[in-house]
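**Q** Under this note's numbering, think of the first position of the sequence shown as 3, with each following residue one higher.
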Amino acid sequence: SFTQLKQLKRLRMMKFTIEPDVMDIIGELSSIKELILSFCNIPDPSSILNLSNLEELDVTWITAVRNNFLEQLPSRCPNLQSLTVTACYKITDVGIRHLLQLAKLEKLSLLMVSEVTDEFIKLFHNLKLLRCGGCSQITDNGMLTLIKYANNLEHLYLVDSGITYDLIPQAAAIVHRRNNNVILNLVVDDDYRDRWRREKEQDDYPLLIVEGNDGKSDVKRKHEGSSGESSLDDDIEEFMANIHAFRNLKIK
Numbered sequence: 003s004f005t006q007l008k009q010l011k012r013l014r015m016m017k018f019t020i021e022p023d024v025m026d027i028i029g030e031l032s033s034i035k036e037l038i039l040s041f042c043n044i045p046d047p048s049s050i051l052n053l054s055n056l057e058e059l060d061v062t063w064i065t066a067v068r069n070n071f072l073e074q075l076p077s078r079c080p081n082l083q084s085l086t087v088t089a090c091y092k093i094t095d096v097g098i099r100h101l102l103q104l105a106k107l108e109k110l111s112l113l114m115v116s117e118v119t120d121e122f123i124k125l126f127h128n129l130k131l132l133r134c135g136g137c138s139q140i141t142d143n144g145m146l147t148l149i150k151y152a153n154n155l156e157h158l159y160l161v162d163s164g165i166t167y168d169l170i171p172q173a174a175a176i177v178h179r180r181n182n183n184v185i186l187n188l189v190v191d192d193d194y195r196d197r198w199r200r201e202k203e204q205d206d207y208p209l210l211i212v213e214g215n216d217g218k219s220d221v222k223r224k225h226e227g228s229s230g231e232s233s234l235d236d237d238i239e240e241f242m243a244n245i246h247a248f249r250n251l252k253i254k
């Protein structure tokens, strides 16, 4: 049983229905640092807030995760470094602004959270990774502000968001001025990537790699075989398609 796993560090469950009494037991496992509960049916996720040692949390498609849950995260789970709230569609800027209090947060994924704008997202200057594909209210201005001040940002996923092509050359100019040599992997719609490939001058921007959602970048040959955050999104297009399919099933 869960109660015998007092030293458990990682717990991953997908597509389970987790009743409140089981969630209460999970909430007593204070040693957990990584909790993945994606696509689970959880009527009440509040027990998660008892896990003060959490460093990574994934609550993809748990619709009971709302603004009041995010509001409590900084005080209850202050060690969070990675948070995934993909397809938690009831989240808005009201909840996102509280996450700014998470001093250790480096990775934030909120794919397909359509009510979120970049009013507060642009202020997460400590991020190394941000995924907000499918967020139609994310704009060029907000993301350029983020890129300017988040000097350690390595991975930015903006497929099917509200950005335009104009973001790419402006982002290139910003990262070109970085003095820490941190490379930014920027993932955008395929047509934007293709246009950038045609229009940019060769090797002008070594600190920017522009990828499409097909996993191919504008410098694929030069970086082929290298490791990095860009590889994390090789299957993201399929993942988002599965999200859409899952949503349709729920509607039916």
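Positions of the beta carbon are idealized from the N, C-alpha and C atoms, including for glycine.
For A152 and K130, what's the separation of their Cα atoms in angstroms?
**A** 8 angstroms
**Q** Run through DSSP, which three-state label would D60 get?
**A** strand
**Q** Which one of Q83, P45 and Q74 has the shortest CA to CA distance from L37?
**A** Q83
**Q** Give the straight-line distance between the Cα atoms of H127 and M16, rounded to the nearest whole angstrom.
**A** 31 angstroms
**Q** Does the distance from the C-beta atom of L160 to that of I140 stay below 8 angstroms?
**A** Taking 8 angstroms as the Cβ cut-off, L160 and I140 qualify as a contacting pair.
**Q** Can you have a look at P22 and say buried or exposed, based on whether 16 or more other CB atoms are within 10 angstroms of its CB?
**A** exposed
**Q** Quick one, are the C-beta atoms of I34 and L53 less than 8 angstroms apart?
**A** yes
**Q** Name the two residues that bound the continuous alpha helix (DSSP H) containing E213.
**A** First-last for E213: L210 to E213, but that is the beta strand (DSSP E), not the alpha helix (DSSP H).
**Q** Taking all protein chains shown into account, do 16 or more other C-beta atoms lie within 10 angstroms of the C-beta of T19, making it buried, or fewer, making it exposed?
**A** By the neighbour-count rule (16 or more Cβ atoms within 10 Å), T19 is not buried but exposed.
**Q** Is it buried or exposed, E201, if we count other Cβ atoms within 10 angstroms and call 16 or more buried?
**A** Looking at its Cβ environment, which holds fewer than 16 other Cβ atoms inside 10 Å, E201 is exposed.
**Q** What does the Cβ neighbour count give for S49, buried or exposed, with the cut at 16 atoms within 10 Å?
**A** buried
**Q** Under 8 angstroms, do W198 and V212 count as touching if we go by C-beta distance?
**A** Result yes, Cβ atoms of W198 and V212 sit closer than 8 angstroms.
**Q** Quick one: complete alpha helix (DSSP H) runs, 4+ long, within the segment 156-205?
**A** 169-178 and 192-201
**Q** Going by the beta-carbon positions, is the gap between S163 and G135 smaller than 8 angstroms?
**A** In contact: S163 and G135 (Cβ atoms closer than 8 angstroms).
**Q** Counting only runs that start and end within the segment 29-103, where is the alpha helix (DSSP H) found for 4 or more residues in a row?
**A** 69-78 and 95-98
**Q** If you follow the alpha helix (DSSP H) that L146 is part of, which residue opens it and which one closes it?
**A** D142 to Y151
**Q** Whole angstroms are fine: how far does the CA of E117 sit from the CA of S138?
**A** About 8 angstroms.
**Q** Locate the alpha helix (DSSP H) running through D216, then write down its first and last residues.
**A** It is not in any alpha helix (DSSP H) - D216 carries neither H nor E in the DSSP assignment.
**Q** Kindly indicate the opening and closing residues of the alpha helix (DSSP H) around F2.
**A** Because the chain spans 3 through 254 in this model, residue 2 falls outside it and cannot be assessed.
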